[in-house]
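J.: Before I ask anything, let me first share the structure, which is written out below as structure tokens.
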Amino acid sequence: MSVASETPAVYPRTEATTPTRLRDRMRYDADTVHAILDEAFLAHVSFTADGVPHVLPLAFGRDGSRVYVHVSSGSHLATAVRHAGDDGLPVAFAVTHADGLVLSRSAFHHSMNFRCVIAHGPLRRVTDPDELAHGWSVLLDHLVPGRSTDARPPNRKEAAQTGLFALDLDRVAAKVRDHGLAAEEDGDLELPHWAGVIPLRTVAGPAQPDTGVGPVPDYLARWTAERA
């Protein structure tokens, strides 16, 4: 089983993770990076295959300083990883939370409160049986903690149809805007236009059972209540 590198308290700044502007919004500490990842359900993975840019929205899960994604074995991404060989396929990986709309008196100063993480690195296909089993558990438990023990693991046919891929978080950083009100030009303060912040959040609704299942399990009831 491949072992992820030890997670640092602070991820190193690299050329790929250093922006050209608004550097004060950058966060490199692992606590912030991991919290943003752990709250997200969907990542976007971008890559180039045969000279064509691609981007895919994918479910993912984090285990220490590594993230796992899964995708059809016949997809452009799986094919590109296979062609890349042992070095892995260079990708960019991103998650974003929209936390609020920041409305200004001027069109120019409208903004958004957000938290995002972007990582760069080689994506590799997981082939070790132990890591495959572990990675699938990580994916399920990322969606709902405890879910991996309440679902059948992939069988041989399903494992052949869907590949599991890993990306180590070596070149990664977070970017955050959370300071509320927009910047305003002094000359705009007397304008009649409304300005302020509209908070946004993702919530969970009540569980909707499928036909033939029993009561909602305790782990799921707790999780939906926490995110209601």
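Numbering of the sequence shown is given in this note's numbering, commencing with residue 111 and proceeding in unit increments.
Positions of the beta carbon are idealized from the N, C-alpha and C atoms, including for glycine.
A quick note: this is a predicted structure, and the numbers were derived from the prediction, not measured.
Is it true that the CB of residue 229 sits closer than 8 Å to the CB of residue 137?
T.: Along the sequence shown, one-based indexing puts residue 137 at 27. Along the sequence shown, one-based indexing puts residue 229 at 119. No, the pair does not count as a contact, with Cβ atoms beyond the cut-off.
J.: Per DSSP, which residues does residue 138 bridge with? Please list them.
T.: Locating residue 138 in the sequence shown gives position 28, where the first residue counts as 1. As computed with DSSP, residue 138 is found in no beta bridge at all.
J.: Between residue 181 and residue 168, which are expected to be in contact by the criterion C-beta below 8 Å, what is the C-beta distance as a whole number of angstroms?
T.: Within the sequence shown, the letter at position 71 stands for residue 181. Within the sequence shown, the letter at position 58 stands for residue 168. About 6 Å; that satisfies the 8 Å criterion.
J.: Quick one, which of 226, 204 and 303 has its alpha-carbon nearest residue 213's?
T.: Sequence index remark: in the sequence shown, residue 213 carries index 103 (1-based). Closest option to residue 213, Cα to Cα, is 303.
J.: Does residue 307 come out as helix, strand or coil in the three-state DSSP assignment?
T.: Within the sequence shown, residue 307 is the residue found at index 197, counting from 1. If DSSP states are grouped into helix, strand and coil, residue 307 belongs with the strands.
J.: Measuring straight from C-alpha to C-alpha, what distance separates residue 159 and residue 329?
T.: Here residue 159 is taken as the residue at index 49 of the sequence shown, counted from 1. Here residue 329 is taken as the residue at index 219 of the sequence shown, counted from 1. Going from the Cα of residue 159 to the Cα of residue 329 covers about 41 Å.
J.: With DSSP run on the structure shown, which of helix, strand or coil describes residue 191?
T.: Here residue 191 corresponds to residue number 81 of the sequence shown, with the count starting at 1. Secondary structure of residue 191 (DSSP, three-state): helix.
J.: Between the beta-carbon of residue 251 and the beta-carbon of residue 171, is there less than 8 Å?
T.: Counted from its first residue, the sequence shown places residue 251 at position 141. Counted from its first residue, the sequence shown places residue 171 at position 61. In contact: residue 251 and residue 171 (Cβ atoms closer than 8 Å).
J.: So residue 239 is in the alpha helix (DSSP H); what residue range does that whole segment cover?
T.: Here residue 239 corresponds to residue number 129 of the sequence shown, with the count starting at 1. 239-253 is the extent of the alpha helix (DSSP H) around residue 239.
J.: In the structure shown, what three-state DSSP assignment does residue 284 receive?
T.: Taking the sequence shown and counting its residues from 1, one reaches residue 284 at position 174. Note: residue 284 maps to strand in three-state DSSP.
J.: Starting from the Cα of residue 280, find the closest Cα among 156, 177 and 153 and give me that residue.
T.: Taking the sequence shown and counting its residues from 1, the one referred to as residue 280 is at position 170. Comparing Cα positions, the closest option is 177.
J.: Give the straight-line distance between the Cα atoms of residue 196 and residue 188, rounded to the nearest whole angstrom.
T.: Reading the sequence shown from its first residue, position 86 is the one you call residue 196. Reading the sequence shown from its first residue, position 78 is the one you call residue 188. Near 13 Å, if we compare the C-alpha coordinates of residue 188 and residue 196.
J.: In three-state DSSP terms, what is residue 126?
T.: Here residue 126 refers to the residue found at position 16 of the sequence shown. Here residue 126 sits in helix by DSSP.
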